[in-house]
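Quick note on numbering: the sequence shown equals residues 348 to 738 in the numbering used here.
Just so you know, even glycine gets a beta-carbon here, dropped at the ideal spot from N, CA and C.
A quick write-up on the structure given underneath.
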Amino acid sequence: MKKTVLAAAIAALPMAVYAETAPTNAEMWQIIQQQQREIERLTAEQKQAENMINATADAVEKSATVADWANRTTIGGYGEHHFNHFKDKDDKVDAHRFVIYVGHQFSDTVRFFSEVEIEHGFVEDTDDGSGPGELELEQAYIAWDFTQGHTLTMGQFLVPVGILNETHEPDTFYGTERNNVEKEILPATWWETGVMLSGEILPGLSYNAALHSGLKIDPTGNGAIRGGRQKSANATAEDLAYTGRLVFNGISGLELAATYQHQQDVTQGAGDDGEADLIELQVRYQWQSLTLTALSAEWDINGNDFVANGSDKQEGQYVEASYKLTPSVGVFVRQGEWDNLANSGTDTEIEQFDVGVNYWLTKSVVLKADLSEQDGAKDDDSINLGLGWSF
């Protein structure tokens, strides 16, 4: 009997303990709420972590996009400052040019190039346009390599003529000022808007063929070619121009080039006629440290107004020899003459002799000093100092 009672007491003991320790309904509800809050906290942390991962992925993707754009976009430019001491007029200091290039590679075959230039320090807004400076868009074009070795250029580009017109960064030529034959006859810097095919016909023989906007020369003025540049500024395009060039550089150190341009009417309808043809020839030969250059250009223009003042023929030529004394120091001598009124019946030819030195601080930063003497219609003898750079 005693054993039975004891066994029953022992069996009932866990039930009693459980009855004393078991949570109440209120305590169970509190536990459930705590667990719910913990679940919500963990869920929020998980969502925050997912957002951070997504944001990081977006940032990485955006950074990769920006890096790709930056890798395919180029910025460059050039500039030059001049001091000119003239014999018979006031000396001048000039922030002559400041130029910025921006280019972009859209794909392996399509790219963009642009050039914006400020001339003479600043642009002044004057009623009569007499401000000293100019702000100009010189180039803005798309180049498409439509097949191996051949490119189609569309937009505003430099006309393929002469030596300086397409390559005129100050560290690439001798003399503080650009030579007057290419400036007054060709006339550098000369850009137009249109389309141009370029490429290689044979190894060492390349071509350019362009259809573009043309000159507009006032037939009642002096007929000078340089004054006919419209610079693609709301330009009259009644008569377009055609330009073709061949370049041969198949022999080491030698480059030969010939350019022909035709425009049916360089007055754009303002005169009785104005059919114009340009022929330009150039040769450059480099042997070790010596470089020899020669260029000749001539315009033949029809029309009574041009014949009347002698501007129906405009011509110029120069020869230049330069020698690199060291990789950093080069000297040059140049003889040139040009005439924008070659058929006037009077002596209007201008002759110019230049001699000087270039000193390259680096490959693309140059100091220049030279002497210029002129004879003829002008007499602008000068001593010139220059600083130029490109990047």
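Non-local beta-carbon contacts of L637 in its own chain, meaning distances under 6 Å to residues more than five positions away in sequence, involve Y670 in chain order.
H428 is bridged by DSSP to L734.
Per DSSP, E622 lies in no alpha helix (DSSP H) segment and is marked neither H nor E. By the C-beta density criterion, I378 is exposed, having fewer than 16 other C-beta atoms within 10 angstroms. In the three-state reduction of the DSSP assignment, V676 falls in the strand class. V713 and R592 do not touch by the CB rule: their CB atoms are close to 28 Å apart, not below 8 Å. Straight through space, the alpha carbons of D437 and D728 are spaced by roughly 12 Å. If one requires a minimum length of 3 residues, the beta strand (DSSP E) runs lying completely within the stretch 625-705 are 637-648, 660-671, 676-686, in chain order. According to the DSSP secondary-structure assignment, V463 is paired through a beta bridge with I447, L484. Secondary structure note for N555: its beta strand (DSSP E) is the uninterrupted segment 552-559.
Per DSSP, reduced to three states, the secondary structure at V440 is strand. Bounds of the alpha helix (DSSP H) holding E531 are 527-531.
About 4 Å separates the CB atoms of Q615 and K563; that is less than 8 Å, so the two are in contact.
Taken through DSSP and simplified to helix, strand or coil, G723 comes out as strand. Taking C-beta atoms as the reference points, G677 and I648 fail to come closer than 8 Å. The beta carbons of G546 and T498 sit about 6 Å from each other, so the pair counts as a contact at 8 Å. The beta-carbon distance between T523 and G663, rounded to whole angstroms, is 19 Å. This is too long to meet the 8 Å contact definition. Secondary structure at L389: helix, using DSSP grouped into helix, strand and coil. A distance below 8 Å separates the beta carbons of A716 and G703.
Of the candidates N431, A623, E387, Q382, N431 places its Cα closest to the Cα of D441.
Here W538 is not near L511, since their CB atoms are 8 Å or more apart.
Of the candidates E627, Y589, G568, T412, the residue whose Cα lies closest to the Cα of G618 is G568.
Here E667 is actually not in contact with E684; their C-beta atoms are around 13 Å apart, not less than 8 Å. Minimum Cα-Cα distance from D659 among the listed residues T590, F679, G692 corresponds to G692. By the Cβ rule, the stretch 514-521 does not count as touching the stretch 465-485, because fewer than three pairs are nearer than 8 Å.
When I730, L544, G480, N705 are compared, the shortest CA-CA separation from F679 is found for N705. Around the CB of L642, 16 or more other CB atoms lie within 10 Å, so the residue is classed as buried.
Nearest to A605 by alpha-carbon distance, out of V594, G650, I598, is V594.
Taking 8 Å as the cut-off, the Cβ atoms of W634 and S675 do not count as close.
Taking the C-beta atoms as reference points, T536 is found no nearer than 8 Å to H559. In the DSSP assignment, I510 falls outside any beta strand (DSSP E), carrying neither H nor E. Judged by their CB atoms, G570 and D586 are not nearer to each other than the 8 Å cut-off.
Close CB contacts of F738 within its chain, under the 8 Å cut and outside five residues either way in sequence, are with G423, G424, Y425, S711 (chain order). Boundaries of the beta strand (DSSP E) around S545: 538-549.
Contact annotation, N687 with Q661: C-beta distance approximately 5 Å; criterion of less than 8 Å satisfied. A Cβ-Cβ contact shorter than 8 Å links D652 with P566.
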